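Colleague: Supplied in structure tokens, the structure appears directly below.
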Amino acid sequence: MMLRGLQRGSVRLGGPCMRLAVRALSSVEPLPPKQLPLVYEAPLAARVTAITRAMAATNAITCVGIPMAYTLGHFPLATPSQLAIYGALTGIGAVSTGLIHMLFSPYVTRMWADTLSKKIAIENVTLLGTTTRTELRASDISRNATTWHPMVNYTSLQCPLFLHSSGSALLDTLLSPKLKDAVYDARRRRDKASDTSPMLFGKRLTLRFDPTGRMTHEDFSRHDVLKMVRKAAVPASTWSDTPEYRAHVKARPSSRSNKGVVDIPNIHMRDIRKLDNAFAIASKPSITVRRGAILVNADPIRAIIMQNNCVIFLQEGAEGVIPLLESNFKEFDSQDHPFEFTALESLLLTICTILEKDSARVLPQAQAAIDKMSQDATLAGELETLRSMKNTLDELNSRVTGTRKAFVDILENEEDLRMMHLTKLHDDPALVYDLFSFDSEELESLLEVYLEDIYDTQTRVALMLENMLNTKNIAMLKLDAKRNYLMTLNLTLTLWTTLITVPTFVVGAFGMNLNSSLQEVDYLFYIVSGLAIGFPIGAYRYILRYFRQRGISLTWKN
Numbered sequence: 063m064m065l066r067g068l069q070r071g072s073v074r075l076g077g078p079c080m081r082l083a084v085r086a087l088s089s090v091e092p093l094p095p096k097q098l099p100l101v102y103e104a105p106l107a108a109r110v111t112a113i114t115r116a117m118a119a120t121n122a123i124t125c126v127g128i129p130m131a132y133t134l135g136h137f138p139l140a141t142p143s144q145l146a147i148y149g150a151l152t153g154i155g156a157v158s159t160g161l162i163h164m165l166f167s168p169y170v171t172r173m174w175a176d177t178l179s180k181k182i183a184i185e186n187v188t189l190l191g192t193t194t195r196t197e198l199r200a201s202d203i204s205r206n207a208t209t210w211h212p213m214v215n216y217t218s219l220q221c222p223l224f225l226h227s228s229g230s231a232l233l234d235t236l237l238s239p240k241l242k243d244a245v246y247d248a249r250r251r252r253d254k255a256s257d258t259s260p261m262l263f264g265k266r267l268t269l270r271f272d273p274t275g276r277m278t279h280e281d282f283s284r285h286d287v288l289k290m291v292r293k294a295a296v297p298a299s300t301w302s303d304t305p306e307y308r309a310h311v312k313a314r315p316s317s318r319s320n321k322g323v324v325d326i327p328n329i330h331m332r333d334i335r336k337l338d339n340a341f342a343i344a345s346k347p348s349i350t351v352r353r354g355a356i357l358v359n360a361d362p363i364r365a366i367i368m369q370n371n372c373v374i375f376l377q378e379g380a381e382g383v384i385p386l387l388e389s390n391f392k393e394f395d396s397q398d399h400p401f402e403f404t405a406l407e408s409l410l411l412t413i414c415t416i417l418e419k420d421s422a423r424v425l426p427q428a429q430a431a432i433d434k435m436s437q438d439a440t441l442a443g444e445l446e447t448l449r450s451m452k453n454t455l456d457e458l459n460s461r462v463t464g465t466r467k468a469f470v471d472i473l474e475n476e477e478d479l480r481m482m483h484l485t486k487l488h489d490d491p492a493l494v495y496d497l498f499s500f501d502s503e504e505l506e507s508l509l510e511v512y513l514e515d516i517y518d519t520q521t522r523v524a525l526m527l528e529n530m531l532n533t534k535n536i537a538m539l540k541l542d543a544k545r546n547y548l549m550t551l552n553l554t555l556t557l558w559t560t561l562i563t564v565p566t567f568v569v570g571a572f573g574m575n576l577n578s579s580l581q582e583v584d585y586l587f588y589i590v591s592g593l594a595i596g597f598p599i600g601a602y603r604y605i606l607r608y609f610r611q612r613g614i615s616l617t618w619k620n
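In case it helps, my numbering puts the sequence shown at residues 63 to 620.
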């Protein structure tokens, strides 16, 4: 209304600029929708369309033409039997047309797709032989696993689909996730900056926490992290070659003999390389101690803890962990404990929380699948769901078991426990040569607390896996029992068929149109009929007793 008023001059805002703006707005037209490129055309599209149209036309002629001819008087009045025949023909035509439509309705004649937006448009044949186009997303399509239809190899939220091998290959390419995109989405930072790739000039976006719990986003390469750790570590040569160190060693009573002398290994590039996402599958959870650093590797957390800061490498898709990390670092911020203990506790709490959330999400779904499987073991959909849940639980159990093993390994290594006191070793480097002169009870208590949490999670996952295995065994026993029942039924019917075949042959021989003079024998008909009836029954009873003596039961009781 405002635009019309401006064009008519009823609203006077004045100035040539306003007239230009009105002219520009009035000339704006909506942009045409983006056309999807045609990527697939079925080889039998024309034939399927022709068959459907022919069936629809013949059915229309049968259903409409005959009643109309009777109405117009072109056909004479028919008898009830003729009307029944016409009705049967009409019913057969309707049923056959419906079956043809049910068979060919999933058939995709053409497909349009956009690989970037993952939008797909498909064309199907309707009941009347026309074509209809349906647009959907690749995320709504999945491989068929439960439908009995012979011409359905994909299912979607809108309709089932059938594609030939060439179309299936194209659709599988769209459905499969990209392993490596040429262009990455911009990643949002807390400082409103963004990167166009996860590795920018060899550097990776990381989270850095200082002793105050403040988090910053910084880009570090592997070489930058290596130099940072080596700079934070105190070389052993800085004290070992000075008179002060020798006097300090003489004044300090050694708690052990030469066995207390431990050589703390320096950090190497291979240690940092294990924190890379490229080794996410092959790398196992671990807690590694190096000179001046603690390396924590447990998906999705990969961190390097130093005595004054902590650098965390996050995997792709783990942005939801950032608020949890930030809150944990602020929660455990304390001046009474060294920073490496605070950072380690924050990371361990984050790892345990993630594993607990994953188990709380998966375990109810697995229990629901187990309950449905217990009710009916023949449901193909529930078998697929149970298999998927089994794979998810195996992956979760592997993560939990690996994390628990990392905790146990570090607790059983007394030297590593003492080498994790980064601040104490930094303030007093002479302790490197006498690690057993101080106690590590505080760190042991810290690790044992989270080890109990990991053990609880592992116990729940292991019990669910055991329950799933028991359910699988029970389902297999039920299926075996049904299979044995069907085999017994089949054997019984086969045995009866074989036994009835013998008297059938005799009866057929007597029924031949030939003169054998046997038909004149008195009571021969009754004798042959009695033998034909009694032989199968007697032979079946004898075979049952023979099988029962051998320990084989042919009973039909399930």
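We put the beta carbon where it would ideally sit given N, CA and C, even for glycine.
Predicted model only: the values in this text are computed from it and were never measured.
1. Would you mind listing the beta strand (DSSP E) stretches within the segment 363-428 that are 3+ residues and don't spill past its ends, in chain order?
2. Can the beta-carbon of Leu448 be found less than 9 Å from the beta-carbon of Met538?
3. Mapping DSSP to helix, strand and coil, what is Thr454?
4. Which residues bound the beta strand (DSSP E) around Ser218?
5. Between Lys265 and Val383, what straight-line distance do the alpha-carbon atoms span, to the nearest angstrom?
6. When burial is assigned at 16 or more other CB atoms within 10 Å of the CB, is Gly613 buried or exposed?
7. For Phe282, which three-state DSSP category applies?
8. Specify whether the segment 493-503 and the segment 406-425 touch according to this definition: at least 3 beta carbon pairs, one from each stretch, less than 8 Å apart.
9. Evaluate Gly495 with the Cβ neighbour count: other Cβ atoms within 10 Å of its Cβ, from every protein chain shown; 16 or more gives buried, anything less gives exposed.
10. Would you identify the three-state DSSP class for Ala295, choosing helix, strand or coil?
11. Can you tell which of Ser507, Met213, Pro142 and Met451 has the C-alpha that lies nearest to the C-alpha of Ile472?
12. Can you name, in chain order, every residue of its own chain whose Cβ lies under 8 Å from the Cβ of Val110, other than the five neighbours on each side?
13. Tyr585 to Asn575, Cα distance in whole Å?
14. Ends of the alpha helix (DSSP H) at Tyr51?
15. Check Arg276 in the structure and name its three-state DSSP category.
16. Pick from Glu582, Leu553, Gly592 and Phe282: whose alpha carbon is nearest that of Val568?
17. Between Arg292 and Ile334, is the Cβ-Cβ spacing less than 9 Å?
18. Tell me, please, whether the CB atom of Ile536 is closer than 9 Å to any CB atom in chain B?
19. Give the straight-line distance between the Cα atoms of Asp490 and Ala524, rounded to the nearest whole angstrom.
20. CB-CB under 8 Å to Arg115, same chain, minus the five flanking residues each way: which ones, in chain order?
21. Would you decide whether Gln611 is buried or exposed? Buried here means 16 or more other CB atoms lie within 10 Å of its CB.
22. Between Glu407, Gly379, Glu378 and Glu381, which has its C-alpha nearest Lys392's C-alpha?
23. What's the C-alpha gap between Gln429 and Met526?
24. When the Cα of Trp558 is compared with those of Gly596, Glu474 and Leu410, which residue comes out closest?
25. Measuring only the C-alpha atoms, how far is Lys254 from Thr278?
26. Just to confirm my understanding: we take Pro347, look at its own chain, exclude 5 residues before and 5 after, and list those with CB closer than 8 Å. What are they?
27. How should Met482 be labelled, buried or exposed, when 16 other C-beta atoms within 10 angstroms of its C-beta is the threshold for buried?
28. Going by the CB atoms, is the gap between Ile182 and Ala200 shorter than 9 Å?
29. How long is the line joining the alpha carbons of His226 and Leu232, rounded to whole angstroms?
30. Using alpha carbons as the reference points, say which of Met331, Leu288 and Glu418 lies closest to Val373.
31. Closer than 7 Å by C-beta to Phe271: which residues in its own chain qualify, once you throw out the five before and the five after it? Chain order, please.
32. Can you tell me which residues form a DSSP beta bridge with Lys183?
33. By Cβ distance below 6 Å, which residues in the same chain neighbour Arg603 in space, the five residues on each side in sequence not counted?
Modeller: Reading from the atomic positions:
1. 363-367 and 372-376
2. Indexing the sequence shown from 1 puts residue 448 at position 386. Indexing the sequence shown from 1 puts residue 538 at position 476. No.
3. Working through the sequence shown from its first residue, we reach residue 454 at position 392. It is helical.
4. Walking along the sequence shown from the start, residue 218 turns up at place 156. Element bounds for Ser218: Tyr216 to Ser218.
5. Looking up residue 265 in the sequence shown gives position 203. Looking up residue 383 in the sequence shown gives position 321. Taking the straight line joining both Cα atoms gives about 21 Å.
6. Looking up residue 613 in the sequence shown gives position 551. Gly613 comes out exposed.
7. For the purposes of this step, residue 282 is taken as the residue at position 220 of the sequence shown. Three-state result, Phe282: strand.
8. no
9. To locate residue 495, count along the sequence shown from 1; it is residue 433. It is worth fixing the name first, because residue 495 is Tyr in this sequence and not Gly. Buried, since its Cβ has 16 or more Cβ neighbours within 10 Å.
10. One-based indexing of the sequence shown puts residue 295 at position 233. Correct three-state label for Ala295: coil.
11. If you number the sequence shown from 1, residue 472 lands on position 410. When each option's Cα is compared against that of Ile472, the closest is Ser507.
12. Translated into the one-based positions of the sequence shown, residue 110 becomes position 48. Result list for Val110: Ala104, Phe166, Tyr169, Thr171 and Val187, in chain order.
13. By one-based count along the sequence shown, residue 585 stands at place 523. By one-based count along the sequence shown, residue 575 stands at place 513. Roughly 20 Å separates the two Cα atoms.
14. Since the first residue shown for the chain is 63 and the last is 620, residue 51 is missing from the structure and cannot be characterised.
15. To locate residue 276, count along the sequence shown from 1; it is residue 214. Of the three classes helix, strand and coil, the one that applies to Arg276 here is coil, per DSSP.
16. Taking the sequence shown and counting its residues from 1, the one referred to as residue 568 is at position 506. Ranking the options by Cα distance to Val568, first place goes to Gly592.
17. Here residue 292 is taken as the residue at index 230 of the sequence shown, counted from 1. Here residue 334 is taken as the residue at index 272 of the sequence shown, counted from 1. Not closer than 9 Å, so no.
18. Absent from the structure is chain B; it holds one protein chain and no more.
19. One-based indexing of the sequence shown puts residue 490 at position 428. One-based indexing of the sequence shown puts residue 524 at position 462. Cα-Cα distance, rounded: 45 Å.
20. Working through the sequence shown from its first residue, we reach residue 115 at position 53. So the list reads Leu190 and Gly191, once near-sequence residues are dropped.
21. Start at 1 with the first residue of the sequence shown, and residue 611 comes out as number 549. Exposed, because fewer than 16 other Cβ atoms sit within 10 Å of the Cβ of Gln611.
22. Within the sequence shown, the letter at position 330 stands for residue 392. It is Glu407.
23. For the purposes of this step, residue 429 is taken as the residue at position 367 of the sequence shown. For the purposes of this step, residue 526 is taken as the residue at position 464 of the sequence shown. Roughly 8 Å between the two C-alpha positions.
24. Position 496 of the sequence shown, counted from the start, is the residue given in the question as residue 558. Comparing Cα positions, the closest option is Gly596.
25. On the sequence shown, residue 254 is found 192 positions in, with the first residue counted as 1. On the sequence shown, residue 278 is found 216 positions in, with the first residue counted as 1. Note that Lys254 has pLDDT 42, beneath the 50 cutoff, so the model's placement of it is unreliable and no number is given.
26. The residue given as residue 347 occupies position 285 in the sequence shown. Contacts found: Asn359, Ala360, Asp361, Arg461, Gly464, Thr465, Lys467 and Ala468.
27. Position 420 of the sequence shown, counted from the first residue, corresponds to residue 482. Buried, by the Cβ-count rule.
28. The count along the sequence shown starts at 1 and reaches residue 200 at position 138. The count along the sequence shown starts at 1 and reaches residue 182 at position 120. Yes, these two residues count as a Cβ contact at 9 Å.
29. As a first step, residue 226 must be located in the sequence shown, where it is residue number 164. As a first step, residue 232 must be located in the sequence shown, where it is residue number 170. Rounded to the nearest angstrom, the two C-alpha atoms are 10 Å apart.
30. In the sequence shown, residue 373 corresponds to position 311, counting from 1. Measuring from the Cα of Val373, the nearest candidate turns out to be Leu288.
31. One-based indexing of the sequence shown puts residue 271 at position 209. Met277, Asn371, Cys372, Phe391 and Ala405.
32. Numbered from its first residue, the sequence shown carries residue 183 at position 121. Here residue 183 is Ala; the residue named in the question, Lys, does not match the sequence. Paired residue(s): Trp174 and Glu197.
33. Position 541 of the sequence shown, counting from 1, holds the residue named residue 603. So the list is empty, once near-sequence residues are dropped.
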